[in-house]
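Peer 1: Let me begin by handing over the structure; questions about it come next.
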Amino acid sequence: MDNQLQARLQAQLILGSENLSDKTKKQLFADYAFLTRELEDFANTKHFDMFADLLEQRDKVIALIAVAPDPDNYVGSGAYEELKQELLVAEKTLLNRVKFLMRQIEQRKTISSVYDVYAQSANTGYNINAKR
Numbered sequence: 026m027d028n029q030l031q032a033r034l035q036a037q038l039i040l041g042s043e044n045l046s047d048k049t050k051k052q053l054f055a056d057y058a059f060l061t062r063e064l065e066d067f068a069n070t071k072h073f074d075m076f077a078d079l080l081e082q083r084d085k086v087i088a089l090i091a092v093a094p095d096p097d098n099y100v101g102s103g104a105y106e107e108l109k110q111e112l113l114v115a116e117k118t119l120l121n122r123v124k125f126l127m128r129q130i131e132q133r134k135t136i137s138s139v140y141d142v143y144a145q146s147a148n149t150g151y152n153i154n155a156k157r
């Protein structure tokens, strides 16, 4: 099974088949970490629809974390702090990748618009480089 399909199925399991409101903060943070890792993987592909879907799912998990019970006192524990540091690095990497992709899109858009001007001038017979 292809990794992207496997990730999609896993993400659907996280948010589809079980009642997320019954999960503890520890379980939700594990789901959040999984979705963040998957976002990193999809940021390196051209599957923008899946990237957006994972981002939406992760936003839902964030909202649930805020109100989830913490019976194990996970928040503030050593394991939580380790995960938090890992996620901070992953978030920064993800943000840098998305910024890079946005710059690429802008560059392609600019190049495309320049070619559009030349194409229009060729169709009209107007020489945009002629000295006047």
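The opening residue of the sequence shown carries number 26 in the numbering used here; numbering runs sequentially from there. For glycine and all other residues, C-beta sits at the position ideal for the given N, C-alpha and C.
#1: Using the Cα positions of Asp95 and Arg133, report the straight-line distance between them to the nearest angstrom.
#2: So for Ser138, helix, strand or coil by DSSP?
#3: For a test of the three-state rule: what should DSSP assign to Lys124, helix, strand or coil?
#4: Give the DSSP-derived three-state secondary structure of Tyr105 in the structure shown.
#5: In three-state DSSP terms, what is Lys71?
#6: Helix or strand or just coil, what does DSSP make of Lys48?
#7: With 16 as the cutoff for other CB atoms within 10 Å, does Gln129 come out buried or exposed?
#8: Compare the C-alpha of Leu113 against each of Phe54, Gln82, Leu79 and name the closest.
#9: For Ile90, which residues from the same chain have a beta carbon less than 8 Å from its beta carbon, with the 5 sequence-adjacent residues on both sides left out?
#10: Determine, using beta carbons only, whether Leu119 comes closer than 8 Å to chain C.
#11: Is the CB-CB distance between Glu65 and Leu126 below 8 Å?
#12: Between Lys109, His72, Gly103, Leu79, which lies nearest to Leu60 when the distance is taken from Cα to Cα?
Peer 2: Well, looking at it:
#1: So the alpha carbons of these two residues sit roughly 47 Å apart.
#2: Helix, per DSSP.
#3: Three-state DSSP puts Lys124 in a helix.
#4: Helix, per DSSP.
#5: If DSSP states are grouped into helix, strand and coil, Lys71 belongs with coil.
#6: Assignment of Lys48 by DSSP, reduced to helix, strand and coil, places it in the coil class.
#7: It counts as exposed.
#8: For the options Phe54, Gln82, Leu79, the alpha carbon positioned closest to that of Leu113 is the one of Phe54.
#9: Answer for Ile90: Lys50, Leu53, Phe54, Tyr57, listed in chain order.
#10: Included in the structure is just one protein chain, with no chain C present.
#11: Here Glu65 is not near Leu126, since their CB atoms are 8 Å or more apart.
#12: Selected option, being the one with the closest Cα: Leu79.
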